[in-house]
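Line by line, the protein sequences give chains A and B. The C-terminal position of the first sequence is numbered 535 in our numbering, with every residue numbered one higher than the one before it. The C-terminal position of the second sequence is numbered 337 in our numbering, with every residue numbered one higher than the one before it. Single-structure report; data block below.
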Amino acid sequence: MSANDRRDFDLAIIGAGPAGMAAAAQAASAGLSVLLLDEQARLGGQIYRDIERTSEQRGRILGKDYLAGRALVDDLVKSSITYVPQASVWQADQDGHLCYTVEGLATQTKAHRVLLATGALERPVPIPGWTLPGVMMAGAGQILLKQSGLVAKRAVIAGSGPLIYLIAAQMVRAGNPPLALIETQTAADFWQAQHHLAGALRGWRYLIKGLGLIGELRRAGVKRYRGASDLQAEGQERAEALRFSHRGKQQWLACETIFLHMGVVPNTQLSRAMNLDHYWSAAQHCFHPKTDGWGRSSAAAIFIAGDGAGIAGAKGAELAGRIAALRIAADLGRLDEATMAQSATPLHRELARERAARPFLDRAYPASSQVLAPDDATMVCRCEEVSAGDIRRYAAMGCDGPNQAKAFGRAGMGPCQGRYCGLTVSMLLASVNQRSLDETGYFRIRPPIKPLTLGEIAQLDDPDAGAKEVMDLG
Amino acid sequence: MKTASPFEYLAQPTNLVAVRFDGQTYQLPKGENLAAALLAAGVRSTRENPGSNAPRAAFCMMGACYECRVRIDGASVQACMIQVRDGLVVEKMQPIGGQSYER
Ligand code: FES
Chain A
62 MSANDRRDFD LAIIGAGPAG MAAAAQAASA GLSVLLLDEQ ARLGGQIYRD IERTSEQRGR
122 ILGKDYLAGR ALVDDLVKSS ITYVPQASVW QADQDGHLCY TVEGLATQTK AHRVLLATGA
182 LERPVPIPGW TLPGVMMAGA GQILLKQSGL VAKRAVIAGS GPLIYLIAAQ MVRAGNPPLA
242 LIETQTAADF WQAQHHLAGA LRGWRYLIKG LGLIGELRRA GVKRYRGASD LQAEGQERAE
302 ALRFSHRGKQ QWLACETIFL HMGVVPNTQL SRAMNLDHYW SAAQHCFHPK TDGWGRSSAA
362 AIFIAGDGAG IAGAKGAELA GRIAALRIAA DLGRLDEATM AQSATPLHRE LARERAARPF
422 LDRAYPASSQ VLAPDDATMV CRCEEVSAGD IRRYAAMGCD GPNQAKAFGR AGMGPCQGRY
482 CGLTVSMLLA SVNQRSLDET GYFRIRPPIK PLTLGEIAQL DDPDAGAKEV MDLG
Chain B
235 MKTASPFEYL AQPTNLVAVR FDGQTYQLPK GENLAAALLA AGVRSTRENP GSNAPRAAFC
295 MMGACYECRV RIDGASVQAC MIQVRDGLVV EKMQPIGGQS YER
């Protein structure tokens, strides 16, 4: 297939993680012309980051679930699609027009259908000191391991969620166990989660895996502080220690790296910028874009699959990607409805199984009250240095939504465009104003969703610019 | 400032190239993610935040937080989104007059 991305594609997919890769292969096999855009240099998304180049040693450390990503890549490279790595999509509209930049060159294109497969972000973890160098999201630690074979030497992992056991076990296997896990979930959380145990048993593989990881940590002698609270990163120029309360006592652990994690939430930056409908999920404490059972959003030509539509994990993302691709192929007349339904039925069934474990996990590993409602002194917006107290003060002065908050201070107006403060700001305002999260809403995200230079915008009128890095797979 | 790195490579990288950061020369693995390579080389902070001038460093490693911004060829770029190449000259982002990076 020729690599000319100036013409129309049947389907443009944004994000080459499990949902995007699976959807691309599925759509290509139905005969659709597919454009796959991804910000990273290589396929895999964050979950399978650098899967193509991983060494045997790294594969052993990262484990079987990571290596499962290879099959997706193998499938994809056999397909005939146009794949553009290092493509940063900064504008997309509901009609399928897209603008993106590759190494400083801007390009625009059009597709009949667009699939957003932009995955998840880690939930913001606003605690005192979280802006110090050496404090990172736990996912960042895992990316360093996957992509660069780097492992932290004197690190603690703090927060809650099944991912922290996986990361800790990977560090153990890499020969640098974390100094401790500081876990904020309580025994009460665990017992309340039992209401969802029936669902979790349907996803029993996850429970067994979790227990296996915890066993691995115990054998390695990794200390776990459960039910910890009041986390605080300390240090002058960089993180030097984590302070927290545990069983009524103050604890202080010296360390060089603090990995924070409170679960993952859908990355809705693009779906917000496209003005798609969203709603608040009380169970997961985050906004989800509205989608139907096929991943179709509130705009008919736009689909969303994978964690970006609601957290269901890598396997769930892969299934949702395939389901959306089948629906899109039928939309465009490349598959008849009966064949499409027949192919989708087993995928839907498997996806339901993947989702079954979520309510249990959400309840057993909730985000802690400290990060859902930080103290006044805690910095909430890292870019513009706005505190939780500032946001509460705006609310008391009559600010009832995140967009008005921008008029009071600069929360959400820095380069990250609210990615690491948006949820916190919405929750703080909703709580002071005693309004629902759906009423309170979220930052209005306006394109470009990535900072651009004027040169990049000017290139859009130049027919010879762009498409430099387009690679043809297949 | 260069210190002992809080990170360790599983396997010592080869194919090192010279990269300037904040006036010092570092030998970094060619093709490696720049933010990761600087971290591994013991660089703790890559920018100071406008307002407080507080030191900041890579936080998400996935292009979302913009904490890893550095200046290359006069432009502000995310260090976690680019790769090490020979002769790269990287400047630390320091606010002008404490308020903004703009000159
Ligand atoms: S570390 Fe977050 S954008 Fe680079």
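Beta carbons are placed, not taken as given, at the ideal position from N, Cα and C, and that holds for glycine.
Chain order gives the chain A residues near B:Gln317 as Ala102, where near means a beta carbon separation below 9 Å. In this structure the segment 410 to 420 of chain A does not touch the segment 431 to 447 of chain A; the number of beta carbon pairs closer than 8 Å is below three. Contact check for A:Leu490 against A:Ala456 passes: the beta carbons are separated by less than 7 Å.
The segment 436 to 490 of chain A contains, as complete beta strand (DSSP E) runs of 3+ residues, the segments 440 to 442 (chain order). From the beta-carbon of B:Tyr243, the residues of chain A found nearer than 7 Å are Gly210 and Leu211. Here A:Tyr340 is exposed, its C-beta having fewer than 16 other C-beta atoms within 10 Å. Residue state for A:Val186 is assigned as coil, using DSSP reduced to three classes. In the DSSP annotation of this structure, A:His409 is not part of any beta strand (DSSP E); the continuous alpha helix (DSSP H) holding it starts and ends at Glu398 to Ala417. At least one CB atom of chain B sits nearer than 7 Å to the CB of A:Thr318. Under the three-state reduction of DSSP output, A:Pro427 falls in the coil class, being neither helix nor strand. Note that the segment 277 to 284 of chain A does not touch the segment 345 to 362 of chain A; fewer than 3 beta-carbon pairs, one per stretch, sit closer than 8 Å. In the DSSP assignment, B:Ser310 falls within the beta strand (DSSP E) that extends over Ala309 to Gln312.
Taking a Cβ-Cβ threshold of 7 Å, none of the residues of chain B is close to A:Ile142; the smallest such distance is about 23 Å. Interface with chain B (7 Å Cβ-Cβ cutoff): A:Gln246 is excluded. Between B:Phe293 and A:Met198, the beta carbon gap of about 6 Å places them in contact (Cβ cut-off 8 Å).
Here A:Pro146 carries a coil assignment [DSSP, helix/strand/coil].
Every residue whose beta carbon comes nearer than 6 Å to a heavy atom of ligand 1 appears here in chain order: B:Ala269, B:Ala292, B:Phe293, B:Cys294, B:Met295, B:Gly297, B:Ala298, B:Cys299, B:Tyr300, B:Glu301, B:Cys302, B:Gln312 and B:Cys314.
Buried is the label assigned to A:Gln246, since at least 16 other Cβ atoms lie within 10 Å of its Cβ. At a cut-off of 7 Å, the C-beta of B:Met296 has a neighbouring C-beta in chain A.
Excluding five sequence positions before and after A:Ser306, the CB atoms of its chain that fall closer than 8 Å to its own CB belong to Ala289, Ser290, Asp291 and Gln312, given in chain order. Within chain B, the residues whose beta carbon sits less than 7 Å from that of A:Cys477 are Ala298, Cys299 and Tyr300, listed in sequence order. Beta-bridge partners assigned by DSSP to A:Asp69: A:Lys171. Between A:Trp355 and A:Arg388, the C-beta gap is smaller than 7 Å, which places the two residues in contact.
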